[in-house]
């Protein structure tokens, strides 16, 4: 027993710091927060950026509807309160991923400015990169790959962003992607150029 | 507009798979789930393992009270229902971290077998490594680094594991660490030996 205690006392706790994790990875961790209407291209662009960064040996991860709404946030609804809690949890998880050293890409409509600003607040300076994927409602409704807009119009769905619930566009995003006039290849390269220019791709 | 559509159509979605992320890191991702009484040594051992793995160039992350209870789970209480939701969320986040390629260490009392088993279920075969940090209640109460047991006894705190709430020890954990008789150095090496032996430290 005495031996055990003394072992505990002499062990010095070494916590691996954020910067040490960045150093191991050879680049910084940060949150790339894509926001925009349903079908604006958020998820496709985020995954394109993710793939390119992965191919360049960067440590990344995408948080999106597929892995969040089915798991962590399966008990959250689409009311304004539910959306706030949805975004809050995603923000907290994205923060952990960024501090673990990952370039973390999130692809959620995240329609409310206040919810996005709260995520910005819990992150350090430069750790939150807000990326507004700008596509007109007309274009998104025309694309409608999952038929969601059609359904929303036909059944008068409540809380559908752009139709029966507001989308508050970012006022000062770090990056605006013009999804009305440009394709995935060009837009994903714009994101990578931003990371490069702002020093994220080195430790 | 026509050009935009065609660009979207020709872009092939590349999702980076779990195995591709393991390959980049040079080792597998998994969840090392430490469970045991308060003050049994979970967090200290987890951080010692984390530090050693980090020094060996492995990609790791620790989820513990410090980064979870203050953030993601700040709206969860200590009732049995609250504890279940606490562990459920941690399990979902640990899964994401493991699938992102990290050796993910969690250090929570997680007293209920059913809650831990649910985490095991959401992970794939071999991805959940349950590590029982076995220390007697007597020893834990004697250590009591934060004075929690003292407080629990003095104020008749409800829901305090080991005193006023049960701790259900794992029946078939992957690993048992004898924190009654061994120190941090030895126990952390036992965890690393387990990972080595079972192929986790290569992709």
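Protein chains in written order, with this note's numbering: chain A, 1072 to 1274; chain B, 1072 to 1274.
For glycine and all other residues, C-beta sits at the position ideal for the given N, C-alpha and C.
Bear in mind that the values here come from a model prediction, so they are computed numbers and not experimental data.
- According to the DSSP assignment, residue 1198 of chain A belongs to no beta strand (DSSP E), since it is labelled neither H nor E.
- One finds 1095 in chain A with Cβ atoms closer than 9 angstroms to the Cβ of residue 1128 of chain B, taken in chain order.
- In the DSSP assignment, residue 1106 of chain B falls outside any alpha helix (DSSP H) and within the unbroken beta strand (DSSP E) covering 1101 to 1106.
- Neighbourhood of residue 1178 of chain A in chain B, by CB distance below 8 angstroms: empty, with the nearest CB roughly 12 angstroms away.
- Given a length threshold of 4 residues, each whole run of the alpha helix (DSSP H) inside the region 1190 to 1259 of chain B is given here in chain order: 1208 to 1214, 1219 to 1226.
- Nearest in C-alpha terms to residue 1131 of chain A, of all of A/1087, A/1177, A/1219, A/1153, is A/1177.
- Taking CB atoms only, residue 1086 of chain B has a neighbour in chain A less than 7 angstroms away.
- Interface flag for residue 1118 of chain A against chain B is set, since a Cβ pair is found closer than 7 angstroms.
- Contact of residue 1142 of chain B with chain A by beta-carbon distance below 8 angstroms involves 1163, 1166, 1167, 1193.
- It is roughly 48 angstroms from the alpha-carbon of residue 1151 of chain B to the alpha-carbon of residue 1261 of chain A.
- The three-state secondary structure of residue 1133 of chain B, taken from DSSP, is strand.
- Cβ contact annotation for residue 1135 of chain A (same chain, cutoff 6 angstroms, sequence separation greater than five): 1114, 1178, in chain order.
- The residue from B/1244, B/1148, B/1181 with its alpha-carbon nearest to that of residue 1198 of chain B is B/1244.
- By the neighbour-count criterion, in which 16 or more other beta carbons inside 10 Å mark a residue as buried, residue 1273 of chain B falls on the exposed side.
- Comparing alpha carbon positions, the residue from B/1157, B/1168, B/1141 closest to residue 1183 of chain B is B/1157.
- Taking a 10 Å sphere around the C-beta of residue 1209 of chain A, we find fewer than 16 other C-beta atoms and assign the residue as exposed.
- Remark: C-beta atoms of residue 1190 of chain B and residue 1162 of chain B approach each other more closely than 7 angstroms.
- For residue 1128 of chain A, the number of other beta carbons within 10 angstroms of its own is below 16, and it is reported as exposed.
- If the five residues before and after residue 1193 of chain B are omitted, its C-beta is found closer than 8 angstroms to the C-beta atoms of 1162, 1163, 1166, all from its own chain and listed in chain order.
- The Cβ atoms of residue 1087 of chain B and residue 1169 of chain B lie no closer than 7 angstroms to each other.
- Approximately 6 angstroms separates the beta-carbon atoms of residue 1143 of chain A and residue 1160 of chain B; this is inside 8 angstroms, confirming the contact.
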